[in-house]
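Some notes on the structure that comes next.
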Amino acid sequence: MAESLRINGERLLARIEELASIGAIDGGGSCRLALTDEDRAGRDLVVTWMKDLGLDVSIDSIGNVVAVRAGKNDGPATMTGSHIDTVKTGGRYDGNLGVLAGLEIIESLSENNIQTQHPVAVAFFTDEEGARFAPDMLGSLVYVGGMTLEEALDIKGVDGSKVGDELDRIGYRGTSPCPGPSPRAFVELHIEQGPVLEVEGITIGAVTGVQGISWTELTVTGESNHAGTTPMALRHDSGFAAASISTYVRELSIEMGGSQVATVGRLELNPNLVNVVAGSAILTVDLRNTVEERLLEAENKLADFLSELGSSEGLKIEKRQLARFEPVEFNQEVVSTVENVASRMGHSVMQLPSGAGHDAQMMARVCPTGMVFVPSHKGISHNPQEHTDPEDLIAGCNVLFQTILELDTTDFGGAESK
Ligand code: GLV
Ligand code: MN
Ligand code: MN
Numbered sequence: 051m052a053e054s055l056r057i058n059g060e061r062l063l064a065r066i067e068e069l070a071s072i073g074a075i076d077g078g079g080s081c082r083l084a085l086t087d088e089d090r091a092g093r094d095l096v097v098t099w100m101k102d103l104g105l106d107v108s109i110d111s112i113g114n115v116v117a118v119r120a121g122k123n124d125g126p127a128t129m130t131g132s133h134i135d136t137v138k139t140g141g142r143y144d145g146n147l148g149v150l151a152g153l154e155i156i157e158s159l160s161e162n163n164i165q166t167q168h169p170v171a172v173a174f175f176t177d178e179e180g181a182r183f184a185p186d187m188l189g190s191l192v193y194v195g196g197m198t199l200e201e202a203l204d205i206k207g208v209d210g211s212k213v214g215d216e217l218d219r220i221g222y223r224g225t226s227p228c229p230g231p232s233p234r235a236f237v238e239l240h241i242e243q244g245p246v247l248e249v250e251g252i253t254i255g256a257v258t259g260v261q262g263i264s265w266t267e268l269t270v271t272g273e274s275n276h277a278g279t280t281p282m283a284l285r286h287d288s289g290f291a292a293a294s295i296s297t298y299v300r301e302l303s304i305e306m307g308g309s310q311v312a313t314v315g316r317l318e319l320n321p322n323l324v325n326v327v328a329g330s331a332i333l334t335v336d337l338r339n340t341v342e343e344r345l346l347e348a349e350n351k352l353a354d355f356l357s358e359l360g361s362s363e364g365l366k367i368e369k370r371q372l373a374r375f376e377p378v379e380f381n382q383e384v385v386s387t388v389e390n391v392a393s394r395m396g397h398s399v400m401q402l403p404s405g406a407g408h409d410a411q412m413m414a415r416v417c418p419t420g421m422v423f424v425p426s427h428k429g430i431s432h433n434p435q436e437h438t439d440p441e442d443l444i445a446g447c448n449v450l451f452q453t454i455l456e457l458d459t460t461d462f463g464g465a466e467s468k
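For what it's worth, my numbering labels the leading residue of the sequence shown as 51, then goes sequentially.
Given below as structure tokens:
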């Protein structure tokens with residue numbers, strides 16, 4: 051009986067549309083940066099849906115929301131979920147799919163009067179994107195005890211606001227404690243956000259892990275001067291430094307090969323005028339690699355480059371680490387469960403690592419964890435044009451459904467309480 055259960059695809063798609071309409075932007079995406087008014091409106095909608103399903107909803111002191119459906123036994127839940135905050139130019143599926151799929155699965159369990167052995171929980175975590183408040187995966191990091199609550203509440207955003215103040219302002223500083231209770235297992239459905247599944251013509255990804263992430267903010271201080279009168283040899287040009295750093299990390303990644311990627315995604319020049327040599331620059335460097343040693347190598351090479359650049363150009367270059375997470379390997383049993391469930395359901399499936407950061411990489415610190423990926427059209431994400439075919443969204447949700455049912459009866463041999 052349980053093996054033939056399927057979710058209601060139309061209902062899943064309708065919820066995705068309704069959530070996407072909050073903070074809707076041109077091109078079909080959404081802008082709900084963490085802890086903004088739009089994020090609050092999105093949260094209110096999802097919490098209403100959770101309560102309508104009769105779930106036990108709790109909000110913790112960093113604003114993570116967890117909704118639980120009781121099982122035959124008390125104790126830790128089998129948890130799913132993701133995030134509903136977006137980058138400024140967000141699509142409609144990044145994060146939202148995983149949360150709304152969790153809700154849909156719970157509604158399907160109730161409709162079919164299924165009593166699971168263990169409670170089933172669906173969560174959405176605060177500030178997964180890190181676009182307003184770094185680091186990314188902030189809520190899940192605090193949930194698993196990877197950062198103290200005090201430190202997290204004190205983080206300043208790109209607009210100068212503080213996490214704690216913004217949580218209070220939108221009414222989402224809850225009372226449940228952080229760190230939160232460890233689930234017995236965690237599995238997250240997400241769009242791939244890369245091109246692999248589509249290129250390979252495969253519907254389901256059984257995610258093996260997440261690559262390491264290193265985010266640094268660089269502040270370059272040179273000398274602002276006249277663009278016409280300052281001889282080239284006498285310049286201390288922060289604009290040139292920013293461009294050199296951007297070029298360097300790109301060339302470094304290509305030279306290193308493998309999974310190494312690098313991005314300068316934010317750059318501010320000051321005073322940012324046509325006829326003035328830039329006096330200062332603030333830019334961010336995002337480095338990622340699936341292998342920790344390689345990520346360290348990239349960080350070290352960048353550090354050497356920055357000190358040479360600083361001395362040859364007469365510039366001060368200050369570094370501030372915004373995020374640093376080592377690569378994570380998911381639990382073999384959960385990865386195999388996703389793979390086996392998908393093939394039993396008749397889907398093409400492959401194992402692959404994740405290029406993007408996810409709340410699952412934090413949950414992996416406290417319980418057996420895995421992820422289900424579905425294809426992203428042309429691999430486009432963090433862009434309003436992000437698209438996944440409806441049948442793939444539904445297939446992913448059904449694979450998540452069956453995976454949760456299977457994990458409900460999996461004995462992890464104590465690994466769940468690590
Ligand atoms: C988070 O979504 C990231 O991978 O940047
Ligand atoms: Mn995401
Ligand atoms: Mn994202």
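Cβ coordinates follow ideal geometry from the N, Cα and C atoms, glycine included.
Everything numeric in this text was worked out from a predicted model, so none of it was measured.
Per DSSP, the beta bridge partners of Lys206 are Lys212. Out of Lys206, Val213, Ala171, the CA that lies nearest to the CA of Gly189 is found in Val213.
Ala392 has its Cβ no nearer than 7 Å to any heavy atom of ligand 1. Cα atoms of Ser303 and Val399: separation of roughly 29 Å, rounded to the nearest angstrom.
The set of residues with a C-beta under 5 Å from any non-hydrogen atom of ligand 1 comprises Asp186, Ala406, Gly407, given in chain order. Cβ contact annotation for Gln167 (same chain, cutoff 7 Å, sequence separation greater than five): Gly121, Lys122, Asn123, Asp458, Thr459, in chain order.
Around the beta carbon of Arg234, 16 or more other beta carbons sit within 10 angstroms, so the residue counts as buried. When the beta-carbon positions are compared, Val260 and Val378 come within less than 8 Å of each other. For Thr266 and Ser132, the gap between their C-alpha atoms comes out near 25 Å. Beta-bridge annotation (DSSP): Leu333 is paired with Leu268, Leu317.
Nearest in C-alpha terms to Val324, of all of Ile66, Glu363, Gly141, Gly289, is Gly289.
Secondary structure of Ala414 (DSSP, three-state): coil. Distance between Arg142 and Ile134, taken at the CA atoms: about 9 Å. When the five nearest sequence neighbours on each side are left out, the beta carbons in the same chain lying within less than 6 Å of the beta carbon of Thr313 are those of Asp336, in order along the chain. At the C-beta level, Ala117 and Met100 come within 8 Å of one another. Exclusion of Gly189 from the 7 Å shell around ligand 2 follows from its C-beta lying no nearer than that to any non-hydrogen atom of the ligand. With respect to the 8 Å criterion, Val449 and His408 are not classified as neighbours on the basis of their beta carbons. By the C-beta density criterion, Ser362 is exposed, having fewer than 16 other C-beta atoms within 10 angstroms.
Shown here, Asp106 sits in a strand according to DSSP, grouped into three states. Between the segment 340–355 and the segment 211–231, the count of Cβ pairs shorter than 8 Å is below three; the stretches do not touch. Around the beta carbon of Gln411, 16 or more other beta carbons sit within 10 angstroms, so the residue counts as buried. The DSSP-derived three-state label of Thr297 is helix. In the three-state DSSP reduction, Arg119 falls in the strand class (E or B). Contact annotation, Val107 with Met413: C-beta distance approximately 19 Å; criterion of less than 8 Å not satisfied. By the criterion of at least three beta-carbon pairs nearer than 8 Å, the segment 251–260 is in contact with the segment 367–386. A residue is called buried once 16 or more other Cβ atoms fall within 10 Å of its Cβ, and Asp89 is buried on that count.
Buried is the label assigned to Gly113, since at least 16 other Cβ atoms lie within 10 Å of its Cβ. Inter-segment contact for the segment 203–220 and the segment 140–157 is absent: fewer than three beta-carbon pairs are separated by less than 8 Å.
A residue is listed when its beta-carbon falls short of 5 Å from at least one non-hydrogen atom of ligand 2; in chain order these are Asp144, Gly145. Assigned with DSSP and collapsed to three states, Thr128 falls in strand. Residue side-chain check: Glu179 places its Cβ nearer than 7 Å to a non-hydrogen atom of ligand 3. Per DSSP, His168 has no beta-bridge partner at all. Between Glu238 and Thr136, the C-beta gap is not smaller than 8 Å, which leaves the two residues out of contact. Under the three-state reduction of DSSP output, Val385 falls in the helix class.
Counted as a single uninterrupted DSSP element, the alpha helix (DSSP H) harbouring Gly189 occupies residues 188–193. Note: Leu239 is bridge-paired with Val422 in the DSSP secondary-structure output.
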